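Peer 1: Sending over a structure as C-alpha cells; questions will come in a sec.
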Amino acid sequence: MDPVQFRIIWDVLFEAIAALIVLSFLVERALALVVEHRFFVAKFNKKGIKEVLALIVSYLVVRGIEFDVFAIVFKQDEISRWGIFMTSAVVAGGSKASVKLFHDLLGVKSQAQKAADEVKQ
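Just so you know, we're using this note's numbering here: the sequence shown kicks off at 448 and counts up by one.
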C-alpha cells in the first residue's frame with residue numbers, strides 16, 4: 448500500500464471499537480461465573496490465572512467469529528493469525544479493564560471476592 452493513500456475511515460474505526468468494547472464486556476461477564484466463584488477465588492486469586500484465561504477465551508471467541516480488528520481498520524483483504532491474536536489480546540485487556548471498573552469504581556463484587564478482600568485486610 449502506498450503510504451500517501453493511507454487514510455482512516457472513521458465510521459469503520461468507531462464500529463470496530465464499539466465491537467471490541469462489547470466483546471470485552473461479554474467475555475468479562477462470561478468469565479465472571481468462573482473467576483468469581485468461591486473455589487476459584489480461594490485457589491487462584493493472586494496467581495495471574497485470570498489474565499491467561501481471559502486471553503484464551505478471547506482468542507476462542509475472536510477466532511470463532513473471525514473478528515480481526517486490524518484487518519477491518521487497515522482495510523486488509525484477509526484476516527490474519529497475528530491480527531486475530533492481537534484482537535484477542537485487546538479484548539482480554541478490555542475485559543480486565545471492565546473488571547477494574549466494576550470492582551474499584553462501582554464497587555460491584557461477588558460474595559467470594561468480598562470475603563477474599565476482607566481476609567487480606
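Note that the Cβ used here is the ideal one computed from N, Cα and C, for glycine as well. Computed from a predicted structure; not experimentally measured.
Quick one, which of Arg528, Val482, Val474 and Val469 has its alpha-carbon nearest Ser505's?
Peer 2: Relative to Ser505, the option among Arg528, Val482, Val474 and Val469 whose CA is nearest is Val474.
Peer 1: What would DSSP say about Arg528, mapped onto helix, strand or coil?
Peer 2: helix
Peer 1: Could you compute how far the alpha carbon of Ile468 sits from the alpha carbon of Trp529?
Peer 2: 20 angstroms
Peer 1: Answer yes or no: do Ile531 and Arg510 have a C-beta to C-beta separation smaller than 8 angstroms?
Peer 2: yes
Peer 1: What would DSSP say about Arg476, mapped onto helix, strand or coil?
Peer 2: helix
Peer 1: Roughly how many angstroms separate the alpha carbons of Ile503 and Val482, rounded to a whole number?
Peer 2: 14 angstroms
Peer 1: Distance, Cα to Cα, Phe514 vs Glu462?
Peer 2: 12 angstroms
Peer 1: Under a three-way DSSP split, which group does Asp515 fall into?
Peer 2: coil
Peer 1: Are there 16 or more other CB atoms within 10 angstroms of the CB of Phe453, so buried, or fewer, so exposed?
Peer 2: exposed
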